[in-house]
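Colleague: Input: one structure, supplied below.
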Amino acid sequence: MKMKECDTILRGTVITMDENRHVYLDGYVAINNGAIVSVGPSDDCQFKADEDLGGDGHIVLPGLINVHSHLV
Numbered sequence: 301m302k303m304k305e306c307d308t309i310l311r312g313t314v315i316t317m318d319e320n321r322h323v324y325l326d327g328y329v330a331i332n333n334g335a336i337v338s339v340g341p342s343d344d345c346q347f348k349a350d351e352d353l354g355g356d357g358h359i360v361l362p363g364l365i366n367v368h369s370h371l372v
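Residue numbering for the sequence shown follows our numbering, starting at 301 and increasing by one per position.
Right under this line is the structure:
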């Protein structure tokens, strides 16, 4: 199987924001050009990236954006 390329892969426990609220205990999120292109269990990952981050002990929340900030 030929691997697809993306910019970044985030690995860890992935808690999705989809309608079924899937949770992948050993999951991945593939990101390309600033957009999420794939989410799922690590065993199903068909992507490779120069930047592969995370792993055991990390939690990934795709789609959650922290817009809370304090100006000092």
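A virtual CB, placed ideally from N, CA and C, is assigned to each residue, including glycine.
Does DSSP put D326 in a helix, a strand or coil?
Modeller: Under the three-state reduction of DSSP output, D326 falls in the strand class.
Colleague: In this structure, does DSSP put S369 in helix, strand or coil?
Modeller: coil
Colleague: Hey, V360 and L310: beta-carbon distance below 8 angstroms or not?
Modeller: Cβ distance < 8 angstroms, so V360 and L310 count as in contact.
Colleague: Helix, strand or coil: which one does DSSP assign to D350?
Modeller: strand
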